[in-house]
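What follows is a single structure, written as structure tokens, with notes after it.
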Amino acid sequence: MKRYVVCQTHELPPGTRRIVDIDGRSIGVFNVDGEYYALRNTCPHQGAALCTGSLLGEVRSPCPGEYRYDGSRKLLQCPWHGWEFDLTTGQSWFDPARTRVRPYDVTVESGRSIAAGREGVVPGPYVAETLPVTVDDDYIVVTP
Amino acid sequence: MSSDHHHGGPLIDCDVHLPTPTVDQLGPYLSEHWREYIATAGFKGSMAVTSTHPPGARSSGHERLDGGFAEAMRNVRRHCLGESESARAVVSAHYGVETMGPPDFSTALSRAVNDWMLTACRDTDERLLASINVPPQYPDLAAEEIDRLAGDDRVVQVFVPARTSKPYGNRIYYPLLAAAERNGLPLGIHFGGMSWNPPTGVGWPSYYIEEYVGMAHVMQAQLSSLVFEGAFQRFPRLRVTVLEGGWTWLPSLMWRLDKEWKGIRREVPWVEEPPSTYLRRHVKLSIQPIDAPPDGPEVMTTIDQIGSDDVLMYASDFPHEHLSDPLALLDRLAPETASKVAYGNAAACYGVPSAPEPQESVR
Amino acid sequence: MVQSPPETSPRTDSRRTARSRTGPIVDCDMHNYMSWTSSGLSRGGVLADYLPDRWRDYYTTFGMRTPNSIAFFPTRPRNMAARDDTWPEDGPPGSDLGLMREQHLDLWGISAGILNPIDQILMGSQFPYYSAALTSALNNWTLEQWLEPEPRLYASICVPYEDAELAAAEIHRLADHPRFVQVLMNARTREPLGSRKYWKIYEAAAEHDIPLSIHVGGAGGNPITGAGFPSYYIEDHSGYPQVYQAHVISLVCEGVFEEFPTLRWVMQEGGFAWIPWLCWRLDRAWHLLGTEVPHLKELPSTYVKRHFWYTTQPIEEPERPGQFAELLGQLEELQVVDRLLFSTDYPHWDFDAPDRALPREMPKETRHKVLAGNAAALYGLEIDDVL
Ligand code: FES
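Okay, here's the thing in structure tokens:
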């Protein structure tokens, strides 16, 4: 299975995101408080660029007037019609079993291990082998 | 009640109208103070009643109530109950108390009409059940009236008009909704009534026919409110019936509410399930009027789109005229569905013991 | 040095090549937005430049009356009711022609788009002369800033619709301009549209043979439902189909089409799944109560078939597969399929994407008609490759 080097870790600091093309697929990579997430950047509803949407906490309520806000859960809200998707699993809030968007594994790997030519790691989408990787840096790697 | 229908099982007729009592008929059920108040005011009854069902309009079917009270009650028995032991009819007598400003007067009238109605039921047929009046504009007084009467086995429903100045999901109604829930009575939202605001979202129509047709959108607004304002989350055992408001609009409403909810449910986070789920679980609708051409495929498609056998309830809507025979609709349904619509759904809704298995030609 | 991987622009999405897949597209409802006026805080701005002195002075001194609707600030959960990705650098969504071209007209390959200026939603709340001055300014601005620079755009004529005579005057002024293709009122009127109060507008529209339309918005002072004011935006927004139902009932029953037999009405953004049952209910009621409205010479559904068109956004999304086809079948019976007009509502949050909104259950030929052919026929647009 091919894996893709997205960027150096310092290029994606906490609170930022980056949308990249990997093998013809648009994928959003997020850094939320040091945790990395990646989701397919296409909303299953009408195809909006989902990963450009807002990251919101979860709001639930047992009955009118009570609000339970959970800021630790991260929901990505589609920029068009507002469907919410769990950043970790890609599942929609309203129909987690059937309406979901594809999540991808994100890892941080050292330039050394990448340079050592670990099998299947493609350093940088579309720039493949020619991308120079410095052994002393860490990289964000997405596995589609 | 004609006998040439295949559906031979018993019926619960969930929407039957008694003739409106005169103020004289209500006299025995009012205190001396209110009797004098009525006499000095020259009060002859609320105009909300005649504007809901104009006396001469063909749709009102008032000729079936001509001939005096005793004759009208005989018609109710004949038309809505027939011979079956298991048959039931849920009667109501809209009195327009929702239009009245004075809280104590509207409450006193509700009580009087209810006591009159329960006496009429008792004296006429033990299979008659009652849908009681309350002043919905005073939810705490409405709750008191519900608590006063809920112990009576004949009382099976709280009758409120479709037209309001705030829809029923609004928190101001919580005392009323709580009382309905704790007493196990559905809130029966019925065609018509009167309120200070127009019956459309865009002002006053000119003709009665507009208001008549438009009652369907008033009902939709009531259900949207109950779902989105969280009434079913706040009162999980609350049940609602839509009476004489049509039902062919239900699929299009469910689609719209579900769609909205997927995108902006965060505004109303207590709505944790799709609106259509709440509607199917908490709401039942009376089948008369049918609206769709009774013989065409439309009616069957709509029933299929509603997506539940538990939602529709048989009603004659006596004495009103709707140009279609609800029994003929039962004949078109699969037998199991037909028996639910004819009896089972209403039995569950109103706490009527289940009917014996359909016998051949009970009627 | 590690090179950055290619980033996708948040506003354009390279996979979109809608036109090649869908054929021509006419967008029957998109919005340009002049100003920040609906906050009620604006002073001057673009609008002032288009007003005559008397009204510029009024506008900069008193501003505009804000509609009394929960659909306006502050409770709307989607900012400015817009898609998150439609904000220009400077100004509100819909205020920048360049961005509209880039992320909408070009991206989707839209052949023609009909602008409904957003500012029109405030016009029913202003007093007549002021409203007339404002709508004229709005129309002039649309013409100069949008229609003249961009040949793909057409527009609705904004009118001060709560004063029919003044509205008629604006129709007479602009109806024969080839780029103004319909008259725009808002759904939240003070009275149902059948009311005689509005008939002078209809007379003018009939004279010029220009379609009339209503669009979501406005504030006639009535609660949005016949059951009173709801509490939440979600109720307000989902209440619109009911407002449209009330208007159709009123236009039919009050005899507007007997008086003006050539009128064409475009119901924008009000949904269309309610048309079949409303026709059934109207016809049954007419059999029962027709004596009350002897001016109706035909079944109510006949007038509905003859006089109404509907924009598709927000598209109906039935619950189960097959149900959209059932709906289409019923609409076919009512001859409505030739009267569905595709629309996106750009830049609003409930936008419909041209390549994805119309369900697969819609047959290909119908889809082509809905996407362009029906609109081309209604508005007399010349679009290449239209079916
Ligand atoms: S496209 Fe994402 S919610 Fe509709």
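Protein chains in written order, with this note's numbering: chain C, 1 to 144; chain H, 145 to 507; chain G, 508 to 894. For each residue, glycine too, the CB sits at the ideal point set by N, CA and C. Owing to the predicted nature of the structure, the values given are computational and were not obtained by experimental measurement.
Checklist entry - Residues of chain H with a CB under 9 angstroms from the CB of C/Gly82: which are they? => result Lys406, Gly407, Ile408, Arg409, Arg410
Item to check | H/Trp399 CB to nearest heavy atom of the ligand COA below 7 angstroms | outcome: With respect to small molecules bound, the structure shown includes the ligand FES and not the ligand COA.
Item to check | Same chain, Cβ closer than 7 angstroms to G/Leu548, five either side skipped, listed in chain order | outcome: Because the pLDDT at G/Leu548 is just 41, under 50, the model does not fix this residue reliably, and the value given afterwards should be weighed accordingly. There are no such residues.
Item to check | Classification of G/Glu471 by the beta-carbon crowding that lies within 10 angstroms, buried from 16 upward | outcome: Missing from the structure shown is residue 471 of chain G; chain G here goes from 508 to 894 and no further.
Checklist entry - Any C-beta of chain H sitting closer than 8 angstroms to the C-beta of G/Ile756? => result yes
Item to check | chain H contact residues for G/Asn729, given Cβ-Cβ distances below 7 angstroms | outcome: Asn341, Pro342, Gly345, Val346, Gly347
Next on the checklist: Using a Cβ-Cβ cutoff of less than 6 angstroms, which residues in the same chain neighbour G/Thr696 once the five nearest sequence positions on both sides are dropped?
Outcome noted: If you ignore the 5 residues before and after G/Thr696, its C-beta comes within less than 6 angstroms of the C-beta of Gly727, all in its own chain and listed in chain order.
Next on the checklist: Excluding the 5 residues flanking C/Glu129 on each side, which residues of the same chain have their C-beta closer than 6 angstroms to its C-beta?
Outcome noted: Residue placement at C/Glu129 is flagged as unreliable, the pLDDT there being 41, under the threshold of 50; a coordinate-derived value is accordingly withheld.
Checklist entry - If we call anything under 8 angstroms between Cβ atoms a contact, is G/Tyr810 one with G/Phe764? => result yes
Checklist entry - Would you say G/Trp615 faces chain C, with C-beta separation under 8 angstroms as the test? => result No - not a single Cβ of chain C is within 8 angstroms of the one on G/Trp615.
Next on the checklist: Residues around the ligand FES, please: the ones whose beta-carbon is closer than 5 angstroms to some heavy atom of it, in chain order.
Outcome noted: Output, sorted by chain position: C/Cys43, C/His45, C/Gln46, C/Ala48, C/Cys78, C/Trp80, C/His81, C/Trp83.
Checklist entry - Using the rule of at least 16 other Cβ atoms within 10 Å of the residue's Cβ for burial, across every protein chain shown, is H/Met89 buried or exposed? => result Residue 89 of chain H cannot be examined here, being either before or after the span of chain H that is shown, 145 to 507.
Next on the checklist: On a Cα-Cα basis, can you pick out the residue from H/Phe335, H/Ala365, H/Glu288, H/Val299 that is closest to H/Lys310?
Outcome noted: H/Ala365
Checklist entry - Within the 8 angstroms Cβ cut-off, does H/Pro437 reach chain G? => result yes
Next on the checklist: Classify G/Thr818: buried if its beta carbon has 16 or more other beta carbons within 10 angstroms, exposed otherwise.
Outcome noted: buried
Next on the checklist: Between the alpha carbons of H/Thr268 and H/Met217, how many angstroms are there, rounded?
Outcome noted: 7 angstroms
Checklist entry - Looking at the unbroken beta strand (DSSP E) that takes in H/Val169, where does it start and where does it end? => result Looking at the sequence itself, residue 169 of chain H is Gln, so the reference to Val does not match. Where H/Gln169 is concerned, there is no enclosing beta strand (DSSP E), although the alpha helix (DSSP H) around it starts and stops at 167-170.
Next on the checklist: Against chain G, does H/Leu467 count as a neighbour if the rule is that its beta carbon must be under 8 angstroms from one of theirs?
Outcome noted: yes
Checklist entry - Which two residues bound the contiguous alpha helix (DSSP H) that contains G/Ala639? => result 635-649
Next on the checklist: Suppose you measure from the CA of H/Arg202 to the CA of G/Leu795; what does that come to, to the nearest Å?
Outcome noted: Going from the Cα of H/Arg202 to the Cα of G/Leu795 covers about 6 angstroms.
Next on the checklist: With the cut-off set at 8 angstroms, would you say G/Glu677 and G/Val666 are in Cβ contact?
Outcome noted: yes
Item to check | Distance between H/Leu471 and G/Asp670 (C-alpha atoms, nearest Å) | outcome: 50 angstroms
Checklist entry - Around the C-beta of G/Asp852, are 16 or more other C-beta atoms found within 10 angstroms, so that it is buried, or is it exposed? => result buried
Item to check | Interfacial residues, the region 194-218 of chain H to chain G, with Cβ spacing under 8 angstroms | outcome: The region 194-218 of chain H vs chain G, Cβ under 8 angstroms: Ala201, Arg202, Ser203.
Item to check | 8 angstroms Cβ cutoff, C/Val59 in contact with chain H | outcome: yes
Checklist entry - Which of helix, strand or coil does DSSP assign to C/Ser72? => result strand
Next on the checklist: Going by DSSP, what residue range makes up the alpha helix (DSSP H) through H/Arg476?
Outcome noted: 470-476
Item to check | 6 angstroms CB neighbourhood of C/Gln91 in its chain, flanking five on each side removed | outcome: Arg100
Item to check | Reference G/Val800; option with closest CA among G/Trp772, G/Val843, G/Cys760, G/Asp597 | outcome: G/Cys760
Checklist entry - Among H/Pro165, H/Glu411, H/Gly245, H/Val193, which residue has its Cα nearest to the Cα of H/Gly212? => result H/Pro165
Checklist entry - Mind pulling the chain H residues with CB within less than 8 angstroms of C/Cys63? => result Near C/Cys63 (Cβ distances below 8 angstroms), the residues of chain H are Gly374, Gln377, Arg378, Trp414.
Item to check | Helix, strand or coil at C/Ile114 according to DSSP, with G and I counted as helix | outcome: helix
Item to check | Whole-number beta carbon distance between G/Asn623 and G/Leu536, since they are thought to touch under 8 angstroms | outcome: Checking the sequence shown, residue 536 of chain G turns out to be Asp, not Leu. 6 angstroms between Cβ atoms; contact.
Item to check | Per-residue DSSP class, three states only, for H/Leu331 | outcome: strand
Checklist entry - What distance in whole Å lies between the Cβ atoms of G/Pro854 and G/His538, which are believed to be in contact at a cut-off of 8 angstroms? => result 6 angstroms
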